[in-house]
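The structure appears right after this line, and notes come after that.
Numbering (the working numbering), first residue to last: 24 to 174.
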């Protein structure tokens, strides 16, 4: 299979840059390429959305969370050295949340399952949240209970 070495894999780097850094065991360069890729594909677009048009800011959480879900799967793939997320996507999210010091509150089986089913699957497959789950920017907690039900 032939790979186009000129394809950009991040704002600053091409496939050829990655191959060159990999062949020379240039870990510092590989980390730089990885960082540029994450910044260019996920973090800077999220920043642009957050700092964009104030008329739509109330609804920007939807797009940001969709990007976050894709980023979680991407980080999991890099962390585990795999090319695609295993078929048990729900386990991927539970492991990500429980291993991260920033998302410990979602590390329980129940909360990670709710996040995965209501938000990740809803956003990725139906382009909406499920079971009356809501996305709100500026909340203190990531998943809260509404009317006695875990949301």
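Backbone N, C-alpha and C define an ideal beta-carbon position, used for all residues, glycine too.
ask   = In whole angstroms, what separates the C-alpha of residue 157 from that of residue 48?
value = C-alpha separation (whole angstroms): 45 Å.
key: Nearest-angstrom beta carbon gap, residue 160 and residue 84 [assumed within contact, 8 Å]   = So it is a contact: roughly 5 Å between Cβ atoms.
ask   = In angstroms, rounded to a whole number, what distance separates the CA positions of residue 62 and residue 133?
value = Going by the C-alpha atoms only, they are around 31 Å apart.
message = Tell me which residues share the same chain as residue 141 and place their Cβ nearer than 7 Å to its Cβ, disregarding the 5 neighbours each side in the sequence.
response = The beta carbon of residue 141 is closer than 7 Å to those of 152, 153, 154 and 156 in its chain, skipping five residues each way along the sequence.
ask   = Got a sec? Which residues, its chain only, sit under 8 Å from residue 88 by beta carbon, not counting five neighbours each side?
value = Non-local C-beta neighbours of residue 88 in its own chain, meaning closer than 8 Å and more than five positions away in sequence, comprise 142, 146 and 158, ordered along the chain.
query = For residue 67, does the three-state DSSP call read helix, strand or coil?
reply = Reduced to three states, the DSSP call for residue 67 is helix.
task = Determine the DSSP secondary structure at residue 153, reduced to helix, strand or coil.
result = Reduced to three states, the DSSP call for residue 153 is coil.
request  = Tell me whether the beta-carbon of residue 60 lies closer than 7 Å to the beta-carbon of residue 86.
outcome  = One thing to note: residue 60 has its Cβ no nearer than 7 Å to the Cβ of residue 86.
query = How many Å lie between residue 56 and residue 150 at the Cα?
reply = Residue 56 and residue 150: Cα-Cα distance of roughly 31 Å.
inquiry  = Can you tell me whether residue 25 is buried or exposed? The criterion is at least 16 other CB atoms within 10 Å of its CB, across all chains shown.
reply    = Exposed is the call here.
ask   = Measuring CB to CB, does residue 118 end up less than 7 Å from residue 108?
value = Between residue 118 and residue 108, the C-beta gap is not smaller than 7 Å, which leaves the two residues out of contact.
query = Cβ of residue 120 within 7 Å of Cβ of residue 110?
reply = No, the Cβ-Cβ distance between residue 120 and residue 110 is not below 7 Å.
request  = Select from 123, 163 and 90 the residue whose C-alpha is nearest the C-alpha of residue 102.
outcome  = Checking every option, the nearest Cα to that of residue 102 belongs to 123.
query = Just how far apart, CA to CA, sit residue 81 and residue 37?
reply = Distance between residue 81 and residue 37, taken at the CA atoms: about 36 Å.
message = I'd like to know whether the C-beta atoms of residue 90 and residue 69 end up nearer to each other than 7 Å.
response = Yes, the pair counts as a contact, with Cβ atoms nearer than the cut-off.
key: Cut-off 8 Å between Cβ atoms - residues of its own chain near residue 162, not counting five sequence neighbours on either side   = Only residues of its own chain outside the window of five on either side were considered, and among them none has a CB closer than 8 Å to the CB of residue 162.
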